[in-house]
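So the sequence shown is residues 1 to 693, counted in our numbering.
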Amino acid sequence: MARYSLGIDIGGTFTDIVVYDHGAGQSLSHKELTTPAAPSAGVLTGIRRLFGEHQLAYQDVVRVVHATTLFTNALIERKGAPTGLITTEGFRDTLEMSREHKYDLYDLFIELPRSLVRRSLRLEVRERVNALGEIETPIDIAGVLAAADQLKKAGVTSVAIAFLHAYANATHERAARDAIRAKHPDLFVSISSEVSPQIREYERTSTTVANAYIKPLADSYLDLMSREIAGLGIPAPLFMMLSNGGLTHVDEAKRSPIQLLESGPAAGALAGSYFGTRAGTPDVLAFDMGGTTAKLAMVLKGQPLIAYSFEASREKRFAEGSGLPINISTIELIEIGAGGGSIAAIDSLALLKVGPHSAGAAPGPACYGRGGTQPTVTDANLVLGYLDAATFAGGTITIDHASAVATIAPLAKQAGLSIPELAWGIHSVVNENMAAAARVHIAERGHHAGEFALLVTGGGGPLHGCEVARRLGISKLVCPPSAGVASALGLLMAPARIDRVATVAKRLSAMDWASLEAAYVALERDAQAVIAATLTGDPAVKVERAADMRFVGQGFEVVTGLAAGPYTVASASAIRTAFEAEYRKVFGLVPPAGEVEIINVRVAVTAAASSDELKVPAGSAARRAEPKARRQAWSGADNAFVEMPVYDRYALGVGARVEGPAIVEEASSTLILPRESVATVQAAGSLVVELTA
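What follows is the structure in structure tokens.
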């Protein structure tokens, strides 16, 4: 009997559905327009269409993995639940004071990150725990309940509790949570000692408040998705993709939904890692461009980089410090407002701008015929001849060339350009927007773009990839099979993974080594319990230890991977050596002397989610590439329309070569090959493109 895994990735414009047949080693996919008002509606429609078209049986599904941008969008658009904060007396304004510095010193009109909780809903109670975890002032439970009463009366449905130094002693937070739940069982409660048990009050409070802000939405949405999928007759449990590139069960996701913020982009990075390794290029920039945003992740030696904090909902796209700090483990990436739905306009200086605002799925680009009236990147690509109106998005949407021309025409007249020239301008500007963000991201991590191949996924990645690669000085591009739905396929590659962190704040010279080992063991047991609740049987787990370390007196730490325990006093030298190696990698040199301290301890526990290795079939036997058609498309090198051959991706056998300028089409994406480029089909199924400078 066939066994299927089902991947569901809800993006800002499209919802991607992928079914992987474990027996045949093949995948089937479908793109459905996202339904923002009711995201599950688009999911169910897409599943029904895919299963109906290929006559698949719902009862044969053994695993369902889901990623969504719903919670990220709720933060960005400020559409979360009415949220209140209860904190230690004297710390009501932690969110407003933040780090007490401006991210741009010279901007007189600077916009600082907007708090998710207005001041009237931030309340104080008497209690005090010091940095050693010692109780200095017992908690006033009556004050906690009075605060909860006041918040509920004000319409709050979710409460964040963040007490001073709760990472060192969570007794007061737990007592407050239990008291509120007993009196107000309908209130959602998040406590910082569970959501972000580590030092730095602003970051810890910000993360806890963000978790509380999306918790009611996550709870209702995940319950609904579980019911809807079961209602189709699918017996498999629902797994959620986490920002760290792992998956977990629904109850863990509901407990701490903040872990889901970057779930979709994380899946794209996993796909980049998988296909890059298969193509023989383990160092890649995984570039995923969808309908609303573009994401870029660095993959080194086949592994995406992991970060332990990031900023959500930035007021200024590239400005560090302009967003809400979130302390979660996440695949490190950048995300910018550059997608197929990005809107083009001419500003007051007569300059062409593209994004970050998007037409999204509703109304979408003008060519969708759903009420969109503003020119977008997709409209421009249609005018340039890069898209086939009849086969766009696998034929799920019929797009109209005349509507695209009509919406771009006023902009072209305003700029004094022809319509194709203005469309090429839109295409070029969005490419430079993405390349500019990528340059900064790569340089900040001590690398140069030329060291990598560019691996393109998403509906827009192959369309724009070659031009973005050239702007970055990259000579090789990898386009995997089914590139347009690769993120959804990436969901099915994800292991179960749980990250845990705790603060110890001890110098190596004064370390209680038994306590340090006990802290790691406690985190590992907690993470392994979640893995056991996620996967059936007795999965083989892999445990990795790390620590946030610094020289005494420094303000920030370097995350350092450590060898397996148990740790004793004899471990001090090896731990310091590991830290100094990581420090040198980041800063180039190591101070000749200085004490070292461990601030936070971290563990990552992973286990394969399936005993079957995911395989994407290679291409067929080699044969000569023959175009299926020819059409007029814009060549940037010629600054004119030229006749380009159009190839069917599925008809290209292993070893087939396609020389640019040319167009390669498949159901979910279109690859544009510029002049002086050559694409070759690898045995692993990917198209590898060699570009001239």
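The beta-carbon is built from N, C-alpha and C at its ideal position, and this holds for glycine as well. Since the model is a prediction, treat every value here as computed from it, not as a measurement.
| query | result |
| --- | --- |
| Can you tell me whether M97 is buried or exposed, with buried defined as 16 or more other CB within 10 angstroms of its CB? | exposed |
| Rounded C-beta distance between V144 and E89? I'm assuming under 8 Å. | Not really, about 12 Å apart at Cβ, beyond 8 Å. |
| What beta strand (DSSP E) runs, 3 residues minimum, are completely inside the stretch 539 to 615? | 541 to 551, 558 to 562, 596 to 607 |
| On the DSSP letters alone, give me the boundaries of the alpha helix (DSSP H) that D526 sits inside. | 513 to 534 |
| Do A146 and L85 have their CB atoms nearer than 8 Å? | no |
| Consult DSSP for K316 and reduce its assignment to one of helix, strand or coil. | coil |
| How many angstroms separate the CA atom of S192 from the CA atom of Q198? | 9 Å |
| What residue range does the beta strand (DSSP E) around V156 cover? | Run containing V156: none; DSSP gives neither H nor E here. |
| Which word fits E643, buried or exposed, when buried means at least 16 other C-beta atoms lie within 10 angstroms of its C-beta? | exposed |
| Can you tell me whether S40 is helix, strand or coil according to DSSP? | helix |
| Is L132 a contact residue of the ligand PLP, with contact defined as CB to any heavy atom under 7 Å? | Absence of the ligand PLP is noted for the structure shown, with no ligands found whatsoever. |
| One question on the structure: do S29 and D16 come within less than 8 Å of each other, judged by their Cβ atoms? | yes |
| Mind checking who F51 pairs with in its DSSP beta bridge? | For F51, which the question treats as bridged, DSSP gives no partner whatsoever. |
| Report yes or no: do three or more beta-carbon pairs, one from the stretch 579 to 589 and one from the stretch 509 to 527, lie closer than 8 Å? | no |
| For F163, does the three-state DSSP call read helix, strand or coil? | coil |
| Assuming H401 and A389 form a contact by the criterion Cβ under 8 Å, report the distance between their Cβ atoms to the nearest whole angstrom. | 6 Å |
| Return the CA-CA distance between T344 and T373, expressed in angstroms with no decimal places. | At residue 344 the sequence reads Ala, which differs from the Thr that was named. So the two alpha carbons sit approximately 11 Å from each other. |
| How do the stretch 268 to 276 and the stretch 517 to 525 stand: do at least 3 beta-carbon pairs fall below 8 Å, yes or no? | no |
| For the stretch 347 to 371, list the beta strand (DSSP E) runs that are entirely contained and at least 3 residues long, ordered along the chain. | 352 to 358 |
| Check whether the stretch 596 to 613 touches the stretch 491 to 503, taking contact to mean three or more Cβ pairs, one atom from each stretch, closer than 8 Å. | yes |
| Do you know how far the Cα of R675 is from the Cα of S329? | 42 Å |
| Nearest-angstrom Cα distance between A438 and G264? | 19 Å |
| Please state whether DSSP places K79 in a helix, a strand or coil. | coil |
| Leaving out five residues before and five after T560 in sequence, what residues of the same chain have Cβ atoms less than 7 Å from its Cβ? | A546, A547, M549, A578, F579, E582 |
| Quick one: using the 10 Å Cβ neighbour count with 16 as the cut-off for buried, is G276 buried or exposed? | buried |
| Please list the terminal residues of the continuous alpha helix (DSSP H) segment that includes Q414. | 401 to 415 |
| Please list, in chain order, all residues of the same chain as G395 whose beta carbon is under 8 Å from its beta carbon, the five residues on each side excluded. | A667 |
| Leaving aside the five residues before and after G660 along the sequence, list all residues of the same chain whose C-beta is less than 6 Å from its C-beta, in chain order. | L673, P674, R675, S677 |
| So N169 and I135 are in contact, right, with Cβ under 8 Å, and what is the actual spacing, rounded? | 7 Å |
| Going by DSSP, name the residue or residues bridged to H66. | I8, M240 |
| Quick one, are the C-beta atoms of E32 and F51 less than 8 Å apart? | no |
| What does a CB cutoff of less than 7 Å around V195 pick up in its chain, not counting 5 residues either side in sequence? | T207, T208, N211, S256, I258 |
| Which class does D223 belong to by DSSP, given the choice of helix, strand or coil? | helix |
| Could you check how far apart the C-beta atoms of Y386 and I599 are, in whole angstroms? I think they sit under 8 Å. | That pair is no contact at about 50 Å. |
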